[in-house]
Structures are given as C-alpha cells and as structure tokens.
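See structure below.
Residue numbers (our numbering): 204 to 325.
Encoded structure:
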C-alpha cells in the first residue's frame with residue numbers, strides 16, 4: 204500500500220503558517236520551483252525564510268527571548284498569558300505610564316534623596 208507522506212517543510216508552510224506556494228515564493232524572494240523543492244524535502248527551508256514566514260503569520264514577533272510567547276492574531280497582540288490587546292488599549296497603557304502623577308514624583312524624589320545619602324555613606 205503506497206501513500207504520500209507530508210514532509211515537515213510542507214506541513215510547516217501549509218499547516219503552521221497557512222501560506223500558499225506562491226505567497227511563500229513572494230515573501231522569501233524565491234521561485235515557486237524552489238518552494239516546491241522545500242516541500243518535497245529535497246532542500247531545507249533556510250532559517251531566515253522560516254522566521255519570516257512565522258513573523259508574517261503572527262507566530263513570532265521577534266527572535267529575542269524577551270518576546271517569546273507574544274504573537275499577533277488578526278488585529279490583536281496576544282500576550283503570553285493569553286490576553287488579547289488592541290492597539291488603542293496599548294497606546295492608552297503607555298500614555299498612563301508616561302503621565303507622572305504627583306505621588307509618583309514625590310516617591311521618586313525621596314528615592315533619589317536616599318540613594319544620594321547611601322552613596323555618601325558607602
């Protein structure tokens with residue numbers, strides 16, 4: 204009994220990233236023939252193309268470990284805890300952090316004062 208097996212490259216392109224042969228070729232600046240060679244397993248997908256394919260489909264945002272677990276799903280940033288964040292919500296959070304309330308300013312001033320006193324002692 205003969206049956207076709209799906210190579211890991213084909214599985215990655217179609218199932219994980221959801222890209223067509225043509226889309227992959229355009230994205231990676233390769234020919235359709237080259238992508239079909241990847242799918243058949245004759246050649247491996249270059250790491251830079253794999254990363255690009257994952258980034259485009261929102262599977263990865265960045266290769267640095269600080270961004271592990273973050274991904275894009277549609278118009279939302281998905282946090283590692285599974286929370287969906289809209290662009291407006293993200294901008295609002297950044298604005299609130301930048302506002303500097305009076306309590307925050309007093310606390311910062313005291314911390315700086317104590318740090319200077321400690322630096323004189325040490």
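Note that CB positions come from ideal geometry on N, CA and C, so glycine has one too.
For residue 235, the enclosing alpha helix (DSSP H) has its first and last residue at 235-243. Rounded to whole angstroms, the separation of the alpha carbons of residue 254 and residue 272 is 15 Å. Around the CB of residue 218, fewer than 16 other CB atoms lie within 10 Å, so the residue is classed as exposed. Distances from the CA of residue 250 to each of 215, 282, 320, 323 were compared; the closest alpha carbon is that of 215. Counting C-beta pairs with one atom in each stretch, the segment 276-293 and the segment 235-248 have fewer than three that are closer than 8 Å, which means they do not touch. Residues 287, 288, 289 of the same chain have their beta carbon placed closer than 7 Å to that of residue 279, with the five preceding and five following residues left out of the count. Between the C-alpha atoms of residue 240 and residue 225 there is a straight-line separation of about 13 Å.
The beta-carbon distance between residue 258 and residue 222, rounded to whole angstroms, is 12 Å. This is too long to meet the 8 Å contact definition.
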